[in-house]
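Enquirer:
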Ligand SMILES: N[C@@H](CCC(=O)N[C@@H](CS)C(=O)NCC(=O)O)C(=O)O
């Protein structure tokens, strides 16, 4: 049995997809990050970085104590090794899968996250350059992935954790662009993953675990997500200077 701590966020869906693809027994626990639930000592014991996804595997392969993990790329790799699935066995495809898994962990995902920050949360006067920089980077990453998918069904030979890792942020392309029509192979790959039943189940299960949001508290959200110091710096930037 695996506990997965969730919000409705791309990094979480990557892991939920893998759990469903492998037919594992797992439970989704909502962690309201906009209300600061990631900062409790109980959750920090599981995820010292204070972010979701995080898992607790109650039956690790060594038969020992429950194992807690954070970082979606590491969790995907752990689950692939545990199940022997969705990571190619051959040396070259495996190297390719790991390469693209790291690429999304260090590039596609955090840069997409920064783009969202400058679209939605950053003080108005900082948004134009932030959006130019990060939406530009998101599209550059789409272009690179589109290139890898030319003449290939999947990123690394067979459907793997590299595809699952990259899918989460590409799936919300409409936050960054009207369409992905100009990235033909990315578009075809995205549609093929979206049509998979385990993927649909993963999204439903995560969203089903989310409790109804209370009234949105902007100040609590800013402090929970960006920290007291950052939130007050942003507040200072956002308020008119005397
Ligand atoms: N590199 C991490 C990123 C995780 C991440 O950014 N999670 C967000 C999802 S909303 C989060 O928990 N944010 C809460 C916070 O930043 O306080 C991963 O891939 O697992």
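Residue numbers (this note's numbering): 989 to 1230.
A virtual CB, placed ideally from N, CA and C, is assigned to each residue, including glycine.
In this text the structure is predicted, and so the values were computed from the model without any measurement.
#1: Tell me which residues share the same chain as residue 1095 and place their Cβ nearer than 7 Å to its Cβ, disregarding the 5 neighbours each side in the sequence.
#2: Could you pull out every residue in the same chain whose Cβ sits closer than 6 Å to the Cβ of residue 1229, ignoring the five residues on either side in sequence?
#3: Who are the Cβ neighbours of residue 1000 in its own chain at under 7 Å, not counting the five residues just before and after it?
#4: For residue 1163 and residue 1080, I'd like the C-alpha separation in whole angstroms.
#5: Mind checking whether residue 1005 and residue 1186 have CB atoms under 8 Å apart?
#6: Can you find the residues in the same chain that come closer than 8 Å, C-beta to C-beta, to residue 1093, ignoring five residues on each side of it along the sequence?
#7: Under the three-state reduction of DSSP, which class applies to residue 1043: helix, strand or coil?
#8: Specify whether the region 1158-1173 and the region 1133-1147 touch according to this definition: at least 3 beta carbon pairs, one from each stretch, less than 8 Å apart.
#9: Can you have a look at residue 1211 and say buried or exposed, based on whether 16 or more other CB atoms are within 10 angstroms of its CB?
#10: Count the other C-beta atoms from every protein chain shown that fall within 10 angstroms of the C-beta of residue 1077, then say buried if there are 16 or more, exposed otherwise.
Expert: Quick look at the numbers:
#1: 1129
#2: Its pLDDT being 44, under 50, residue 1229 is placed unreliably by the model, and nothing is read from it.
#3: 994, 1040, 1041, 1194
#4: 34 Å
#5: yes
#6: 1059, 1060, 1061, 1153
#7: strand
#8: yes
#9: buried
#10: exposed
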